Amino acid sequence: MVPISERVSAGDPDARFYNKKNNKSSKLGYQVAFSTDIKEGIITRVITIPGCNSLSEEIKKLIEIQVVPELTLDGEFSVGELISLAQEKKIILNVPMKNVGEHYVYPKSMFKYNKDLDAYICPDGKLLKCYSKPNVRNKLIYRGTKEECETCDFLKKCTNSKRKVRTIERSEYDYAWEIHSEYVKSDQYQLGKVLRGIIAEGKFSEANIIYNLNMARHVGLKLMHAQAQMTAVVMNLKRFIKVIARKTYTKNSPLGRQGELLAS
């Protein structure tokens, strides 16, 4: 059987099947995303791709060319590669921490990585040293010694391994995650998340509900992109009229921020 992502529609060869968010069912079509300016709520960018393509790759391109100093995204883009790239390019990335769903009582966050020792320090002060080369997932394995773990008072709270040894995986993006885990505690991150919910999500809901952007009116990627662009133009014109009428357009944002909010 042909995988869902490789199935092609005879009616629209550009469209692709993809799994809907939080839903096991598949859908034939395209993915559309709007990028919205923080200052005035103007749609500044329209992204249209076949349904099976990854929006993460489009976000990666935006970060690489450094189009904005700040970018706010939803949990779909909570990816180590994007977070690491944003830090490298000095771009503030407002994206939630990924829920890894650890089954340990003592999660990985309780183990502090020591760069000088290239080892993790457990809550009891013992070292978990690297003992392997990168595995098939390009991750290093760190583990404690059997002698120390077996005699530890916290063993049952730390691991249910039959070997009675705690192990931890470390990827090339873990350092970026550690920096980001501190940033998400800041007021700046919380404000960015709130603004995205109010401005960007509101714009995208308006496009889908009022302008029927959730339904393709034409066949082909180019025409779907044109539909999304024209929807954005109409919405921007309405916004410009409100801005001019209320004389609220200023060079400096009242929030003192510059950046984009993305909704898809």
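Note that our numbering numbers the sequence shown so that position 141 is 141, with each residue one more than the last. Backbone N, C-alpha and C define an ideal beta-carbon position, used for all residues, glycine too. Bear in mind that the values here come from a model prediction, so they are computed numbers and not experimental data.
Taking only the alpha-carbon atoms, compute the straight-line gap between residue i and residue j and give it to the nearest angstrom.
| i | j | result |
| --- | --- | --- |
| residue 168 | residue 239 | 51 Å |
| residue 82 | residue 182 | 17 Å |
| residue 48 | residue 10 | 20 Å |
| residue 17 | residue 50 | 8 Å |
| residue 227 | residue 215 | 10 Å |
| residue 79 | residue 98 | 8 Å |
| residue 73 | residue 177 | 16 Å |
| residue 29 | residue 233 | 22 Å |
| residue 76 | residue 124 | 35 Å |
| residue 174 | residue 210 | 42 Å |
| residue 26 | residue 19 | 4 Å |
| residue 213 | residue 88 | 35 Å |
Just checking my contact of residue i with residue j at CB under 8 Å: how many whole Å lie between their CB atoms?
| i | j | result |
| --- | --- | --- |
| residue 139 | residue 163 | No, residue 139 and residue 163 are not in contact; Cβ-Cβ is about 18 Å, not under 8 Å. |
What span of residues does the alpha helix (DSSP H) with residue i cover, start to end?
| i | result |
| --- | --- |
| residue 205 | 201 to 209 |
| residue 83 | 80 to 88 |
| residue 242 | 221 to 246 |
| residue 58 | 55 to 64 |
For the beta strand (DSSP E) that contains residue i, what are its first and last residues?
| i | result |
| --- | --- |
| residue 29 | 26 to 37 |
| residue 19 | 16 to 19 |
| residue 49 | 43 to 50 |
| residue 112 | 112 to 114 |
| residue 70 | 70 to 72 |
| residue 94 | 92 to 94 |
Would you mind working out which of the options sits nearest residue i, comparing C-alpha positions?
| i | options | result |
| --- | --- | --- |
| residue 114 | 44, 105, 127 | 127 |
| residue 56 | 13, 195, 86, 188 | 86 |
| residue 158 | 61, 105, 96, 137 | 105 |
| residue 42 | 203, 64, 27, 190 | 203 |
| residue 189 | 244, 64, 93, 112 | 93 |
| residue 222 | 8, 15, 6, 2 | 15 |
| residue 236 | 34, 149, 71, 160 | 34 |
| residue 144 | 131, 135, 241, 156 | 131 |
| residue 142 | 112, 224, 63, 71 | 112 |
If you scan the segment 125 to 191 from start to end, which runs of the alpha helix (DSSP H) of 4 or more residues do you find wholly inside it? 146 to 150, 155 to 158, 174 to 183
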